[in-house]
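Trainee: One structure follows; several queries about it will come next.
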Amino acid sequence: MKKELVLTVVADDRPGLVGEISKVVADHKANWIDSSLSRLGGQFAGIVRVHVEKTQAADLSAALTKLESVGLTIGIHEHNTGDAPAGAHALLHILGQDQPGMISRVSSVLADLHVSIETLESLVEPGSMSGGLMFRANARIIIPTHLSPAEVSDALEGIAADLMIDVELNEAAVEED
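Counted from 1, the sequence shown has number 132 at position 132 by this note's numbering; the numbering is strictly sequential.
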């Protein structure tokens, strides 16, 4: 019988990190299911989902923990098999002049509406015309069945002028796990 683990990984970036982790996973006959890994600010960070035989799970966990001796910090979490939130999937795009608190304000509006954030990627980069810093965020969200995308969009537009951001909400195809 299989067990599902979610690994969180953080380390100073250097070549070979994914190879070190994936070798330990493969050596324990575990299957690397999916991952999201990135280099941010000189750090390598990410999350990995693996399937492993229950009889191998403790050994895999011990071997992954030993990677701390080579500078990797790995958190090991048993996958919560709870149901994913029900609702319509949508893509949220935000663009505006960078300022503190943007994600906090947007995520607060979403939380108040019980909208779930599945993924969030953000970036601050120089603006093409003004030279000022521009903030971009792209999120995949799940809108609860009792709300319409228009209601979510309207709620976000309620803070858009204050934050000086453009908000775009589009339907998204459902992806299977």
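Backbone N, C-alpha and C define an ideal beta-carbon position, used for all residues, glycine too.
All of these numbers come straight from a predicted model, not from anything done at the bench.
Quick check: His89 and Arg140, are their CB atoms within less than 8 Å of each other?
Mentor: Yes, the Cβ-Cβ distance between His89 and Arg140 is below 8 Å.
Trainee: Using 10 angstroms around the beta-carbon of His28, count the other beta-carbons present and answer buried if the total reaches 16, otherwise exposed.
Mentor: Burial call: buried.
Trainee: If you count every other CB in all the chains shown that lies within 10 Å of the CB of Val124, and 16 or more means buried, which is it?
Mentor: Result: exposed.
Trainee: Does the beta-carbon of Leu60 have 16 or more other beta-carbons within 10 angstroms, so that it is buried, or is it exposed?
Mentor: With 16 or more Cβ atoms within 10 Å of its Cβ, Leu60 is classed as buried.
Trainee: For the candidate residues Ile21, Gly71, Leu147, whose alpha-carbon lies nearest to that of Ala63?
Mentor: Among Ile21, Gly71, Leu147, the Cα nearest to that of Ala63 belongs to Ile21.
Trainee: Hey, which unbroken runs of the beta strand (DSSP E) at 3 residues or more fall wholly within the stretch 100-170?
Mentor: Within the stretch 100-170, the complete beta strand (DSSP E) runs of at least 3 residues are 116-126, 133-143.
Trainee: When you compare each of Ala26, Ala45, Arg39 to Gln56 by their alpha carbons, which one comes out closest?
Mentor: Ranking the options by Cα distance to Gln56, first place goes to Ala26.
Trainee: Take His114 and list the residues in its own chain whose beta-carbon comes closer than 6 Å to its own, dropping the five residues that flank it on each side.
Mentor: Pro144, listed in sequence order.
Trainee: Per DSSP, which one or two residues make a beta bridge with Asp12?
Mentor: Gln43.
Trainee: Quick check: what's the CA-CA separation for Leu110 versus Gln97?
Mentor: Using only the alpha carbons, I get a separation of about 20 Å.
Trainee: Check whether the Cβ atoms of Val48 and Lys2 sit closer than 8 Å, and answer yes or no.
Mentor: Contact: no.
Trainee: Using 8 Å as the threshold, is the C-beta distance between Pro149 and Leu169 below it?
Mentor: Cβ atoms of Pro149 and Leu169: closer than 8 Å.
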